[in-house]
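Start counting the sequence shown at 855; every next residue gets the next number (the numbering used here).
Note that beta-carbon positions come from the ideal geometry of N, C-alpha and C, so glycine has one too.
On a predicted model such as this, the values are computed, not experimentally measured, just so you know.
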Amino acid sequence: MDNNNIPDSRGSNFFTLDPFSSALLKAYLPAPLYAHLLPVFDELGAAVGSRLDELADTADKNPPQLSVRDRQGQDARVITKHPAYVELEKIAYEKLGLAAMSHRPGVLGWDQPFPPVAKYALSHLFVQAEFGLCCPVSMTDSLARTLKRFGDPALVEQVLPQVTATDFADLQQGAMFMTEQAAGSDVSATQVVAEPHEDGHWRLTGDKWFCSNPDAGFAMVLARSEQTEGLKGVSLFLLPKQRPDGTPNQYRILRLKDKLGTRSMASGEIRLEGAFAWLIGSRGKGFQQMADMINNSRLSNGMRAAGLMRRAVSEAVYFCSNRKAFGRRLIEMPLMQRQLAKMMMRAEQGRTVMFQTAVALEKADGGDEFSRNLVRILTPLIKFRACRDARVVTGDAMEVRGGCGYIEEWSEPRLMRDAHLGSIWEGTSNIVALDVLRAIRKSDGLAALQTHVQRLLDTGVACTQPLQALQRQCIDSAFALAQKVADDDSAVMARQVASALYHVISLAGMRWEAAHAGLESRAVLADQVLLHRLAPRDPLAPMQQEQDLQALMAYAL
């Protein structure tokens, strides 16, 4: 008799294990693309629960190593990556083409570049196995985007094929070197110096303090090119690993960081010693130009947080569906149902806002001004709230599994460690919340968001009659608060504004999704957002929603 009561999801397909995955893709993707990609998602989902998860666990336990000198005593900057991480790289860059699919046709057999929705949906599934690698993948993708927008056409023609290659042997990965000891969130304090050279190029000198993927083939770097303090003196440069003549560029990787999470991926400190670089865009406009790359990375951070939460929820639901205690499965117990529902609500908020932002991004890139303003405010919203929620959801998933959840043999410790990254990189929570206020003051982001929310509600499933007045009141209050705080420049309220607007767009997005086949239960999730994240409530009042939670758990199974 088998008395084992330790449920293990290893071997599960995390695409089919997710009750919303296929229907959401069908709602957001054009029908031909949905049909084309469905087998890809199914294959990837199976790999997430087996080979990819095994590789990610191995890579996490065997971080990269730096050699600063070779065997002959010559200076070197060689980072040795574990074979498990290299195999993950080949899957992400070569087999799936995650960094190239936005920039070139032919990836995964599709005859044109993929829209952002497809890219972020695939990445959302991939990250459920491996989080660390998705940072270099995102930076490579974002570097290509920024280079195309601001680079000299001849330089774009030279570099773009290298950073969008899907043959791993030909690929040059991308990176972004911004942070200095004196200049973290405050980019205006940048001290690395850029000097023009007689050959028409530039030389960079100084230290960069936190450089992920430090051995990348190309990196976007901020440096001070003008004798002017503040942001006006900072320009954007493209730093190659090798000079045009094939010799190593003049910079050194001083050491690698010993990080809490994303241990599979190298992050280090770099000393630039007159390193060769190309100027990108206009002198003194570096931060404005790099902002596009930063915002793309922030959206990727939000997507990755949503993916971590989805993996955590899938693990928790699987565990509770198969673990018995006190004569019942855990998922049949009302208190556990409530905990799982709260975890699911946060995870699905993140995915909904990810999809909504991706749709707007495609339209913005096509020249639509309304969508450009919408993306401008949605990006910091998802970066702020989804990344903070991921820390809660992954921690709760660890608790749901119990003692085993605290053991590194299982996925929960890695999920929780990785989840803490999102609220720090590419802007801490305070910085990103303040950026929401800037989006309101300096663009029509709030007006665009308000119009978009109303469109979603008008075309979605209406909430039940008892909640309609409450929903209208909460949405109106959220927008009124945002406008007042922005007008008053009341920085201390920035986080409340960012949370409120995030909850509003996620609620409206879920109402819209609920109108599509297979997504009817998104209306229940929207109700949870309204009642538990937007509406004022008495923490001592009895709950009135046990039936809704039971229905939601039934759907999750």
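Among the options, which one has its Cα closest to the Cα of residue i?
{"i": "Leu-1235", "options": "Arg-1245, Thr-1211, Lys-1217", "result": "Thr-1211"}
{"i": "Ala-1145", "options": "Asp-914, Leu-891, Val-1088", "result": "Val-1088"}
{"i": "Asp-1243", "options": "Tyr-1356, Ile-1294, Gly-1054, Asp-965", "result": "Tyr-1356"}
{"i": "Gly-1446", "options": "Phe-1141, Glu-984, Val-981, Glu-1127", "result": "Since the displayed the chain opens at 855 and closes at 1411, residue 1446 lies outside it and no answer follows."}
{"i": "Leu-1300", "options": "Ile-1124, Ala-1340, Pro-1015", "result": "Ala-1340"}
{"i": "Gly-1060", "options": "Arg-1097, Val-1017, Ile-1107", "result": "Ile-1107"}
{"i": "Gln-1203", "options": "Ala-1008, Val-1213, Leu-1379", "result": "Leu-1379"}
{"i": "Leu-1349", "options": "Leu-1321, Ala-1332, Ala-983", "result": "Looking at the sequence provided, one finds Arg at residue 1349 rather than Leu. Selected option, being the one with the closest Cα: Ala-1332."}
{"i": "Asp-1381", "options": "Asp-896, Leu-1232, Asp-1342, Gln-1319", "result": "Gln-1319"}
{"i": "Lys-1095", "options": "Tyr-882, Gln-1026, Ala-1160", "result": "Gln-1026"}
{"i": "Asp-1112", "options": "Asn-1227, Leu-920, Glu-1034, Ala-1048", "result": "Leu-920"}
{"i": "Val-981", "options": "Ala-1345, Ser-1283, Met-1163", "result": "Met-1163"}
Would residue i be called buried (16 or more neighbouring beta carbons within 10 Å of its own) or exposed?
{"i": "Arg-1391", "result": "exposed"}
{"i": "Pro-873", "result": "buried"}
{"i": "Met-855", "result": "With a pLDDT of only 43 at Met-855, under the threshold of 50, the placement of this residue in the model should not be trusted, and no figure is reported."}
{"i": "Ala-1131", "result": "buried"}
{"i": "Gln-1308", "result": "exposed"}
{"i": "Arg-1365", "result": "buried"}
{"i": "Ala-1395", "result": "exposed"}
{"i": "Glu-1052", "result": "exposed"}
{"i": "Asn-1149", "result": "buried"}
{"i": "Glu-1280", "result": "buried"}
{"i": "Arg-1109", "result": "exposed"}
{"i": "Asp-914", "result": "buried"}
{"i": "Tyr-1260", "result": "exposed"}
{"i": "Gly-986", "result": "buried"}
{"i": "Ile-860", "result": "exposed"}
{"i": "Leu-879", "result": "buried"}
{"i": "Thr-1101", "result": "exposed"}
{"i": "Val-1013", "result": "buried"}
{"i": "Leu-1406", "result": "buried"}
{"i": "Val-1046", "result": "buried"}
{"i": "Thr-934", "result": "exposed"}
{"i": "Gly-899", "result": "buried"}
{"i": "Val-1213", "result": "buried"}
{"i": "Pro-1393", "result": "exposed"}
{"i": "Gly-903", "result": "buried"}
Have a look at the DSSP bridge pairing and note the partners of residue i.
{"i": "Pro-1102", "result": "Gln-1096"}
{"i": "Phe-1072", "result": "Gly-1028, Pro-1094"}
{"i": "Asp-1243", "result": "For Asp-1243, which the question treats as bridged, DSSP gives no partner whatsoever."}
{"i": "Asp-1040", "result": "BP columns for Asp-1040 are empty, so no partner."}
{"i": "Ser-1225", "result": "Paired residues: none, contrary to the question."}
{"i": "Lys-1178", "result": "Arg-1183"}
{"i": "Asp-929", "result": "Arg-923"}
{"i": "Glu-1049", "result": "Arg-1057"}
Looking at the secondary structure, which residues open and close the alpha helix (DSSP H) in which residue i lies?
{"i": "Ile-1134", "result": "Ile-1134 -> not in any alpha helix (DSSP H); beta strand (DSSP E) instead, spanning 1121–1134."}
{"i": "Val-971", "result": "970–980"}
{"i": "Asp-1272", "result": "1265–1273"}
{"i": "Trp-1382", "result": "This sequence places Gln at residue 1382; Trp is not what is there. That run of the alpha helix (DSSP H) goes 1376–1383."}
{"i": "Arg-1200", "result": "1188–1219"}
{"i": "Pro-917", "result": "First-last for Pro-917: undefined, no H or E at that position."}
For the beta strand (DSSP E) that residue i lies in, which residues bound it at each end?
{"i": "Trp-1056", "result": "1056–1066"}
{"i": "Glu-984", "result": "Counting along the chain, Glu-984 falls outside any beta strand (DSSP E), and DSSP gives it neither H nor E."}
{"i": "Val-1315", "result": "From DSSP, Val-1315 is part of no beta strand (DSSP E); its letter is neither H nor E."}
Determine, using beta-carbon pairs with one atom in the stretch 979–999 and one in the stretch 1137–1154, whether at least three such pairs fall under 8 Å. yes
Does the stretch 1325–1333 come close enough to the stretch 1265–1283 to have 3 or more Cβ pairs within less than 8 Å? no
Touching or not, the stretch 1071–1080 and the stretch 1106–1118, by the rule of three or more beta carbon pairs under 8 Å? no
At a cut of 8 Å, does the stretch 1000–1016 reach the stretch 1171–1180 through at least three beta carbon pairs? no
At a cut of 8 Å, does the stretch 1282–1291 reach the stretch 1194–1201 through at least three beta carbon pairs? no
Counting beta carbon pairs with one atom in the stretch 939–946 and one in the stretch 963–974, are three or more of them shorter than 8 Å? no
Report yes or no: do the stretch 1055–1074 and the stretch 1121–1130 share at least 3 C-beta pairs separated by less than 8 Å? yes
Three-pair Cβ contact test at 8 Å for the stretch 1362–1376 versus the stretch 1211–1225: no
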